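> This is the structure I have questions about; it appears just below.
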Amino acid sequence: MGKKVFDGSDLILSIGGKALGYSSGCKITTTVETGERVTKESASSKWKEKYVKSFSESISADGFVLLDGGAEMPTYDQLKAMQLAGEPVEVNYNIREGAGREGKSEGGYSGNYLITSLELDGQASDDAKYSVQLENSGAVTSTGFGVRAS
């Protein structure tokens, strides 16, 4: 019996409580900054001892620019206003709830993030697209069971 693979289309990213609309991609990167501790014991064996100094997370997403997003999904202008406010925004990511466009109410991850980059790309005879980059500002916490089906 084969294993069920997580479909990337089911990863839902919400900014300010609204799921991104017409999103075409999302990438989440969690990194650890390490330190090195050299003790007499570790120096004698030549093995370095590492420890975690800090965690950080960045998210990049892209999609199509909506002219009429509003209440259900943020528009480019709303994302721009959040960025220019210079304040962290609430971000959640999780798997899709059924056939809807919202993430499950349980599970996933949540935290405050700064919008560090917002790019608008409008090519002639093509749909306008945006790219948004976010970096955590404080802890990112599990809101239940993680990004997995239940």
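According to our numbering, the sequence shown is numbered sequentially starting from -16.
Even for Gly, the Cβ is constructed at its ideal location relative to N, Cα and C.
This structure is a prediction, so every number in the text was calculated from the model and none was measured.
1) Look at the alpha carbon of M65 and the alpha carbon of E118, and state the distance between them as a whole number of angstroms.
2) Nearest to G46 by CA position, among T58, T124, E70, E40, is which residue?
3) Report yes if the C-beta distance between L(-6) and N77 is below 9 angstroms; otherwise report no.
4) Return the bridge partner residues of G46 from the DSSP annotation.
5) Is it buried or exposed, A2, if we count other Cβ atoms within 10 angstroms and call 16 or more buried?
6) Cα-Cα, which of S108, Y113, S6 is closest to S100?
7) Below 6 angstroms CB to CB, which residues in the same chain sit around E55 once its five sequence neighbours on both sides are set aside?
8) Within 10 angstroms of its Cβ, does S(-3) collect 16 or more other Cβ (buried), or is it exposed?
9) Of all the options K23, V15, W30, which has the alpha carbon lying nearest to the alpha carbon of D36?
So, to answer that:
1) M65 and E118 have their C-alpha atoms spaced approximately 14 angstroms apart.
2) It is T58.
3) A distance below 9 angstroms separates the beta carbons of L(-6) and N77.
4) The partner list for G46 (beta bridge, DSSP) reads S6, Y113.
5) When all chains shown are included, A2 counts as buried.
6) Residue Y113 is the option with its Cα nearest to S100.
7) None.
8) Buried is the call here.
9) For the record, residue 36 in the displayed sequence is Lys; it is not Asp. Nearest option by C-alpha distance: V15.
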